[in-house]
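Student: Below is one structure. I have some questions about it.
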Amino acid sequence: MTTKEELLSLKDVVVSVNNGNELRPILKKLNLTINAGDFITILGTNGAGKTTLFNTIAGNLHPTSGQVLLRGQNIAQQNEEQRASFLARVFQDPKMGTAPRMTVAENLLLATQRGQRRGLRLRKLRQNRDRFREMCAEMGNGLENHLDTPTGNLSGGQRQALSLLMATLTSPDILLLDEHTAALDPKTSEQLMQYTMERINQNHLTCLMITHHLEDALKYGNRLVVIDDGRIEADYDAKQKQTMTREKLYDFFDETIG
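Numbering of the sequence shown is given in my numbering, commencing with residue 1322 and proceeding in unit increments.
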């Protein structure tokens, strides 16, 4: 039996926010262990704590109490910049994650230096163009024809594809996908999910993906986690996922969350 390597774990994590009058807990002694190679899909109603969980993992929020352990080391107080060396995130909004006035090639060059002390060195742009064109061609949406196009002039699908490419360029230890297909039309969304799986498999990435699509939650990944009221309510492994259906998930939401 192969022993799984524990990559990241949250232990009794409490995250509270100030609503103006008092501190309100969003995550309530949440516990979650992520093993190397996991692809975890995450479901939960609005306000359940999904985005707060991602912000805590990414370093945008610091726990009020509890630990965030990366390979056993507590990184709870590290900020977003400190975590950029091992973590990447793709947001729901295609406008986030890319610099709109920079070209596609310039954005990709910037992504090669993720987590490093860097300045944008345009003199390296020419020598990377063939590599960038080849990577963009894999997206299947014509992105390779827009290396010199400012990112702000791309379609939403192309821009989100670029965000995914940038996030996975340096093979981060942890990839967070924050409803990254939600703003796209169904066809573009499906194409991006197919490419997402290719990048995850090719680079052997550890990934967490928030989604509101039950089909995607069941189809992708080796684990399915359900969050409600700041806690993990269910954590289905690959075998359990195989027995799940949309109807069973609806029943679970009605009984546990509704």
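Positions of the beta carbon are idealized from the N, C-alpha and C atoms, including for glycine.
#1: Assuming contact is defined by CB atoms lying nearer than 9 Å, are Asn1449 and Ala1426 in contact in what I supplied?
#2: Comparing the C-beta of Leu1485 with each C-beta of chain D, is any distance below 9 Å?
#3: In or out: Glu1500 buried (at least 16 other Cβ within 10 Å) or exposed?
#4: So, for Asn1352: in the same chain, excluding its five sequence neighbours on each side, which residues have a beta-carbon less than 7 Å away from its beta-carbon?
#5: Is Met1460 buried or exposed, if buried means 16 or more other CB atoms sit within 10 Å of its CB?
#6: Going by other Cβ atoms of all chains shown within 10 Å of its Cβ, with 16 needed for buried, is Ser1484 buried or exposed?
#7: Assuming Leu1498 and Met1530 form a contact by the criterion Cβ under 8 Å, report the distance between their Cβ atoms to the nearest whole angstrom.
#8: Taking the DSSP output, what are the residues bridged to Asn1395?
#9: Should Gln1479 be labelled buried (16 or more other beta-carbon atoms within 10 Å of its own) or exposed?
#10: List the DSSP bridge partners of Ala1409.
#11: Which ranges does the alpha helix (DSSP H) cover as unbroken runs of at least 4 residues, wholly within the segment 1458 to 1489, from first to last along the chain?
#12: From Arg1422, Ser1406 and Pro1421, pick the residue whose C-alpha is nearest to that of Arg1435; which is it?
#13: Indicate whether the contact test is met: 3 or more Cβ pairs, each with one atom in the segment 1511 to 1525 and one in the segment 1552 to 1569, closer than 8 Å.
#14: Would you call the CB atoms of Leu1496 and Thr1532 closer than 9 Å?
#15: Taking the alpha-carbon positions, what's the Arg1410 to Gln1561 distance?
#16: Using DSSP bridges, identify the partner residues of Tyr1557.
#17: Quickly, what does DSSP pair Asn1339 with across the bridge? List them, please.
Tutor: Per the coordinate set shown:
#1: yes
#2: Looking at the structure shown, chain D is missing, and only one protein chain is on hand.
#3: buried
#4: Leu1331, Lys1332, Asp1333 and Ile1553
#5: buried
#6: buried
#7: 4 Å
#8: Leu1390
#9: buried
#10: Leu1496
#11: 1477 to 1489
#12: Ser1406
#13: no
#14: no
#15: 27 Å
#16: Leu1545
#17: Leu1344
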